[in-house]
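Numbering (our numbering), first residue to last: 2 to 538. Each remark here refers to the structure printed beneath this line.
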Amino acid sequence: MTSTTPASAGHHTEGPATIGDVPGAPAAARAERLVRRVVGGADSAPVRMRAPFTGQPIATLPQATDADVRAVFDQAREAQRAWAERPVEDRQRILIRLHDLVLKRQEEALDLVQIEAGKARMDAFDEVSATALVAAYYGKHSAKFLSPRRAAGLIPVLTKVGEIRHPKGVVGIISPWNYPLALTAMDVLPALAAGNAVVQKPDNQTALSALWLQELAEEAGLPTGVWQIVLGRGSQIGDALVEESDYLCFTGSTPTGKGLAAKVAERLTSYSLELGGKNPMIVLPDADIAKTATGAVTACFSSAGQLCVSVERIYVHESIREEFTRAFVAKTAALRLGGALDYQAQMGSLTSEAQLETVSAHVEDARSKGAKVLTGGKARPDLGPLFYEPTVLTDVTEDVKLFAEETFGPVVSIYGYTDVTDAIERANDTKFGLNASVWSRNGRAGWEVAARLKAGTVNVNEGFAATFGTVGLPMGGMKESGVGRRNGAEGLLKYTEAQAIAVQRGMPLRPGKGIPPKLWVRTLSTSLKALRRLPRR
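What follows is the structure, given as structure tokens:
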């Protein structure tokens, strides 16, 4: 297939980032205030973080030691006991107040997320809206999820049983840099609602967003000490986080997740992991090409592709492949890149030099092995140190790194197919299984294809937002994309221990004095047969 757009097609830009002395006077004062909330760090060298848009310093962050982290867990255990004793309705009211504060003060959050993550402002707003949705959801539903549950006892009337939920204790949460506000909310808020204390380690690069939400939570009424934040490299404080946590929640790479799971297993505590992905999109032959091309741009290039659920592979039916590719490439080439704190740019920059190196290496490897770059394919240092153009490739073969490896950047490959079963098999032919997308004018046909995809979430006629934004749905990965789920009832109940209680009255469950065992067995067997015939409850 020939290129429909020159490989050097230009992208609309907003000029060099104009943040100035990042993050600017008001934001600088706010950053200093937030940094003071970090626990520990007196005995280790601080780390200076820089803004992706400009390379200018953002903040100097204290780094905890192993001893600091263990001391924080001791403090959190003290705070957790009183927090767990409070009625769940009190905890819900705090989350509702937090929801209101997040929306009221969203401009602060938008600035912080843009400055430390390098996002376009609309992508930063996705984080604000997700945070508000999570706070509202658990602010409304936690009491229902945690209420005692009745069940049918062994012997009706005589055996009364129930299930109650206890908080795990102190939850350790290791958060990534790519969605620092939304993923903090998704993991921390249900843990708090369940009556746990939290010790969180956000990534240094985007720690301010987590600190901002923590500050608002305490303003909403969360007691001091129930949610504490430490900073540091995993090599320095990772052991303390694993060894002190009563439950560990991690979002990050698959290799790191496997290592943490092995360490947690030694302690026989539990964990949840959201790991890597190589998310596919299947375009059925009846898809609306214009709408699908527009949706694909959002699915692939939101947050510069640095989103765990973003699309990196597109399978298009051959009957519409050329027309779809032409439309998609044109829309991709028209994206506006920029780094100002406003809504003009449609895509921001990458967040770190490591990501820029990975993206560049993947594209150059593909190009050297015969893949065609239809648009993009190069860094844009004229805009800022970490900008890279949104890139569309075709003719990608199996020997290319990005064919199967996660790129985690603004790069997507297009493949053709003629049989939908073949497309499904190719979409499933990966060690990952996080998210997928199907596009069709026929919703039922889209649903049927979605049900055959091995991914924790699948969206029909959407890239990822429909499942990501529906907090009542579980979100997580199959295969090497993770273990456990966030969101929904499961996203809260995973932070609890289930306890079964039975009260037995009257008839004993072993033969009483003077009752022959054979008579007791016959009587009980007759009762079991009768119970099977009773209607389900």
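Beta carbons: idealized from backbone N, C-alpha and C, even for Gly. Please read all numbers here as calculations on a predicted model, not as lab measurements.
- With fewer than three CB-CB distances shorter than 8 Å, the region 198-213 does not count as touching the region 146-165.
- Note on A110: 16 or more other CB atoms within 10 angstroms of its CB, so buried under the neighbour-count rule.
- The criterion of a C-beta distance shorter than 9 Å is not satisfied by S271 and K530.
- Of E245, A241, G235, L474, the smallest CA-CA separation from T252 is found for G235.
- According to the DSSP assignment, V73 belongs to the alpha helix (DSSP H) that extends over 67-86.
- Distance between G42 and Q206, taken at the CA atoms: about 16 Å.
- Under the criterion of beta carbons closer than 8 Å, L99 and L209 do not qualify as touching, at roughly 17 Å.
- With a 10 Å radius around the Cβ and a threshold of 16 neighbouring Cβ atoms, Q215 comes out buried.
- DSSP links F251 through a beta bridge to I175, L274.
- Under the three-state reduction of DSSP, G163 is assigned to strand.
- In this structure, the CA atom of A328 is about 27 Å from the CA atom of L387.
- If you check the CB distance, G492 and P475 come in under 9 Å.
- Pairing A68 with G226 gives a Cβ-Cβ distance that is not under 9 Å.
- The Cβ atoms of Y344 and R122 lie closer than 9 Å to each other.
- In the same chain as A85, and ignoring 5 residues on each side of it, the C-beta atoms closer than 6 Å to its own belong to P168, G196, in chain order.
- Secondary structure in the region 104-158: the alpha helix (DSSP H) runs of 4 residues or longer, each lying completely within the stretch, are 107-118, 122-147 in chain order.
- Taking K264 as the centre and dropping the five residues before and after it, the same chain places the C-beta of V243 closer than 6 Å to its C-beta, in chain order.
- In this structure, the CA atom of P63 is about 40 Å from the CA atom of P281.
- V401 has no beta-bridge partner at all, per DSSP.
- Between the alpha carbons of K259 and S273 lies a gap of roughly 11 Å.
- Where P191 is concerned, the enclosing alpha helix (DSSP H) starts and stops at 183-194.
- With a minimum length of 4 residues, the unbroken runs of alpha helix (DSSP H) contained wholly in the region 444-495 fall at 444-451, 466-469, 489-494.
- With contacts defined by Cβ atoms closer than 9 Å, W228 and E220 do not form a contacting pair.
- DSSP places N436 in the uninterrupted beta strand (DSSP E) bounded by 436-440.
- Between P224 and A211, the gap from beta carbon to beta carbon reaches 9 Å or more.
- Around the CB of E117, 16 or more other CB atoms lie within 10 Å, so the residue is classed as buried.
- A contact between stretches requires three or more CB pairs, one per stretch, nearer than 8 Å, and the region 178-192 fails this requirement with the region 510-525.
- Taking a cut-off of 8 Å for Cβ pairs, the region 409-420 and the region 313-328 touch, as three or more such pairs fall below it.
- If you look at K519, you'll find it in the alpha helix (DSSP H) that goes 518-534.
- For G417, the enclosing beta strand (DSSP E) covers residues 412-418.
- Within the same chain, Cβ atoms closer than 6 Å to the Cβ of N462 are found at W440, the five residues on either side in sequence being excluded.
- For the 9 Å CB-CB criterion, L232 and V393 do not form a contact.
- In chain order, W440, S441 place their CB closer than 6 Å to the CB of A288, counting only its own chain and leaving out the 5 sequence neighbours on each side.
- Beta-bridge partners of K373 (DSSP): T395.
- Taking a contact as a CB-CB distance under 8 Å, the pair V298 and T333 counts as one, their CB atoms being some 6 Å apart.
- In the three-state reduction of the DSSP assignment, R34 falls in the helix class.
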